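A.B. asks:
Residue numbers (the numbering used here): 1 to 212.
1) DSSP state of residue 152, grouped into three classes?
2) Going by DSSP, which residues form a beta bridge with residue 139?
3) Among 61, 38 and 27, which has the Cα closest to the Cα of residue 210?
4) Please check if any C-beta of chain B sits within less than 9 Å of the C-beta of residue 158.
5) Who are the near neighbours of residue 34 in its chain, counting only those whose CB is closer than 7 Å to its CB and skipping five residues on each side?
6) Out of curiosity, what's the CA-to-CA distance linking residue 189 and residue 3?
7) If you run the structure through DSSP and keep just helix, strand and coil, what is residue 38?
8) Use the C-beta contact count for residue 24: other C-beta atoms within 10 angstroms, 16 or more gives buried, fewer gives exposed.
9) Within the same chain, show all residues whose beta-carbon is closer than 6 Å to that of residue 138, passing over the 5 residues directly before and after it, in chain order.
10) For residue 12, which of 151, 112 and 165 has the nearest alpha-carbon?
11) In terms of alpha-carbon separation, which member of 19, 81, 57 and 86 lies closest to residue 208?
12) Since residue 31 contacts residue 203 with CB under 8 Å, what's their CB separation in whole angstroms?
13) Report buried or exposed for residue 127, applying the criterion of at least 16 other Cβ atoms within 10 angstroms of its Cβ.
14) Since residue 16 contacts residue 162 with CB under 8 Å, what's their CB separation in whole angstroms?
15) Verify whether the separation of the beta carbon atoms of residue 156 and residue 41 is less than 9 Å.
16) What number of angstroms, rounded off, separates the C-alpha of residue 198 from the C-alpha of residue 205?
17) Can you name, in chain order, every residue of its own chain whose Cβ lies under 8 Å from the Cβ of residue 113, other than the five neighbours on each side?
18) Under 8 Å Cβ to Cβ from residue 181, same chain only, skipping five residues before and after it: list those, please.
19) Is it the case that the Cβ atoms of residue 147 and residue 5 are separated by a distance below 9 Å?
20) In angstroms, rounded to a whole number, what distance separates the CA positions of residue 57 and residue 70?
21) Going along the chain, which residues of its own chain have a beta-carbon closer than 8 Å to the beta-carbon of residue 19, five neighbours each way excluded?
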């Protein structure tokens with residue numbers, strides 16, 4: 001029975017991470033009607049960019065390798081890079097294909113997948129890198145001792161962070177002016193356009209948030 005709950009908890013924690021990736025799919029599809037086949041490549045690019053900045057920042061700034069300052073600077077730079085990538089994708093790939101058949105947009109995102117992966121490897125190289133978040137991938141001791149189940153500290157931290165990001169995005173969509181505009185565009189493009197919501201700006205924001 002303990003093994004069942006161990007697998008169940010592991011699956012739930014992984015599910016929270018997948019929910020964050022799925023949110024990017026849903027945002028783009030609801031706002032622009034495009035199924036972004038390149039979402040996985042964007043996740044890959046984000047992780048590789050984060051690790052790359054973690055490696056470069058100590059040499060650039062003289063900061064101690066593995067320090068919290070390096071971690072957060074790398075996170076902010078990776079976040080900014082992904083927002084820029086998302087906005088550029090909307091402007092360069094999506095905008096010229098507006099009103100084209102859905103299969104055309106779908107094939108464009110497939111091509112974008114290979115392009116993003118190629119750019120990532122051209123910038124950061126093709127070597128295997130470890131994503132170091134400063135958290136050891138060890139079981140939580142009190143759960144192991146009391147319930148004889150292995151629950152990883154890393155999985156709990158990653159799921160908690162993903163949950164916070166999902167909640168933050170939900171609050172953003174619910175209570176901000178831009179968030180309400182995004183929801184209006186998702187419900188009805190023409191109605192949103194008729195009340196003065198700029199669709200192209202909203203699409204750029206959506207792709208930027210999805211990249212994040």
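The beta carbon of each residue, even a glycine, is placed where N, CA and C say it ideally should be. Small disclaimer: the values here were computed from a predicted structure and weren't measured.
C.D. replies: A quick look at the data gives this:
1) strand
2) 152
3) 27
4) Considering every chain present, this structure includes no chain B. It has just one protein chain.
5) 28, 94, 105 and 109
6) 49 Å
7) coil
8) buried
9) 153
10) 151
11) 86
12) 6 Å
13) exposed
14) 5 Å
15) no
16) 11 Å
17) 37, 38, 40 and 41
18) 192, 197 and 202
19) yes
20) 7 Å
21) 162 and 166
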